[in-house]
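Worksheet for the structure shown next.
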Amino acid sequence: RVHLKLFLDKDSTDISRGHFTVFEENDKYYLEDGSTNVQYKASEKHTILNDDDITGKGKIELNDDDLIKVSDIVIHFKRDWLGKMLLTANSIMKGKFDTYKIIKTLPAAAGGMASVSFATNSRGQEVVIKSPKITGDGNDDMRIDKLRVEAEILRDISTSASHNCIVKYLDESAQSNDFFLVIEKINGKTIKELVTSQPLTEQAVLGYFENIIKALNFIHKKNIILRDIKPNNIIIDPIRGPVLIDFGAA
Numbered sequence: 401r402v403h404l405k406l407f408l409d410k411d412s413t414d415i416s417r418g419h420f421t422v423f424e425e426n427d428k429y430y431l432e433d434g435s436t437n438v439q440y441k442a443s444e445k446h447t448i449l450n451d452d453d454i455t456g457k458g459k460i461e462l463n464d465d466d467l468i469k470v471s472d473i474v475i476h477f478k479r480d481w482l483g484k485m486l487l488t489a490n491s492i493m494k495g496k497f498d499t500y501k502i503i504k505t506l507p508a509a510a511g512g513m514a515s516v517s518f519a520t521n522s523r524g525q526e527v528v529i530k531s532p533k534i535t536g537d538g539n540d541d542m543r544i545d546k547l548r549v550e551a552e553i554l555r556d557i558s559t560s561a562s563h564n565c566i567v568k569y570l571d572e573s574a575q576s577n578d579f580f581l582v583i584e585k586i587n588g589k590t591i592k593e594l595v596t597s598q599p600l601t602e603q604a605v606l607g608y609f610e611n612i613i614k615a616l617n618f619i620h621k622k623n624i625i626l627r628d629i630k631p632n633n634i635i636i637d638p639i640r641g642p643v644l645i646d647f648g649a650a
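Structure representation (structure tokens):
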């Protein structure tokens with residue numbers, strides 16, 4: 401059994417053996433709340449797995465990108481390319497301009513270069529945080545460099561005359577050895593989500609197309625080629641219209 405206290409820079413008053421335990425059994429990883437283990441004193445703080453309170457529910461199998469929460473501590477669980485456990489404490493992430501508290505980490509997209517999380521800043525505003533996927537497969541440095549390039553592109557665009565149809569850069573990590581990118585959270589659905597529920601009208605398609613072309617013209621004038629325009633990477637904001645959200649391949 402592996403106690404999460406070993407992975408965290410926290411005092412025993414913040415996290416203890418009585419809160420929860422992660423352990424391996426038959427090549428699978430399980431989470432067990434401390435109150436179910438008679439060897440330890442029951443935790444006074446409830447254990448939350450993603451959005452479910454699992455206090456007193458026994459062992460539960462963990463899946464990649466699960467979030468384990470106790471008080472203000474958030475633990476991100478995933479496996480590396482060998483299937484071994486990776487745990488990171490993501491309760492508070494410090495950027496250059498603000499601090500951020502993770503709310504939810506989205507399931508990792510197959511072949512994606514970054515992990516995406518929803519967070520709030522110190523003023524309670526929702527933001528999106530992109531972190532490079534660290535898997536130990538020999539390509540970690542490449543994924544970090546790609547995210548740095550994306551941050552540089554969005555930062556340069558946002559500091560000049562920004563375009564309403566391009567997601568805005570907000571911040572990046574204060575530490576160079578733990579890089580992440582913070583961008584605004586766009587309200588709405590992707591084009592893929594919209595067309596899955598019902599076809600778009602011709603008028604809507606023409607309106608979206610015109611705005612997207614104007615955004616691409618703006619980008620091209622800055623000698624930037626997006627290279628990854630697809631329905632999943634365009635969110636339709638009810639007020640702003642289509643917004644290009646992914647510059648990871650630019």
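The opening residue of the sequence shown carries number 401 in our numbering; numbering runs sequentially from there.
Quick reminder that beta carbons are idealized off the backbone N, C-alpha and C, glycines included.
Reduced DSSP secondary structure (H/G/I, E/B, other) of residue i
i    : result
F647 : coil
T505 : strand
L404 : Any reading at L404 needs caution, since the residue's pLDDT is 48, under 50, leaving its predicted position unreliable; the model's value is listed next. If DSSP states are grouped into helix, strand and coil, L404 belongs with the helices.
F609 : helix
T520 : strand
S416 : Only weak support is given to the placement of S416: the predicted model assigns it a pLDDT of 43, under 50, and the value that follows is read from those uncertain coordinates. Coil, per DSSP.
F497 : coil
I624 : coil
E638 : The question names Glu, but residue 638 is Pro in the sequence shown. Coil at P638, not helix or strand.
A574 : coil
T596 : helix
K614 : helix
I591 : helix
I619 : helix
Sub-9 Å separation of residue i and residue j beta-carbons
i    : j    : result
S515 : K533 : yes
N633 : L644 : yes
K530 : F580 : yes
L547 : M513 : yes
I565 : P642 : The sequence as given places Cys at residue 565; Ile does not occur at that position. The answer is yes: Cβ separation under 9 Å.
K589 : I619 : no
I586 : Y608 : no
T505 : N521 : no
Nearest neighbour of residue i, chosen from the options [CA to CA]
i    : options                   : result
Y430 : D464, V582 and K589       : D464
K496 : R479, T601 and Y569       : Y569
D466 : K614, V422, H446 and L547 : V422
W481 : K622, D578, G538 and M542 : G538
S558 : R548, K457, D571 and K546 : D571
E424 : K592, K459 and K589       : K459
A649 : V549, V567, I619 and K428 : V549
K484 : K457, T596, I503 and N426 : N426
N640 : S522, V567 and E552       : A small fix is needed here, since residue 640 is Arg in this sequence, not Asn. When only C-alpha atoms are compared, the closest one is V567.
L594 : I448, P631, L606 and L554 : P631
I553 : N623, D540 and A604       : N623
D651 : D578, Q598 and D556       : In the structure as shown, the chain begins at 401 and stops at 650. Residue 651 is therefore absent and cannot be evaluated.
E584 : D646, P599, I544 and T596 : D646
Spell out a yes or no on whether the region 626-633 and the region 518-528 are touching, meaning 3 or more CB-CB pairs, one atom from each, closer than 8 Å. The count of Cβ pairs closer than 8 Å, one atom from the region 626-633 and one from the region 518-528, stays below three, leaving the stretches out of contact.
### Task
Please list the segments of the alpha helix (DSSP H) lying wholly inside the region 533-572, counting only runs of 4 or more residues, in order along the chain.
Counting only runs of 4 or more, we get 540-559.
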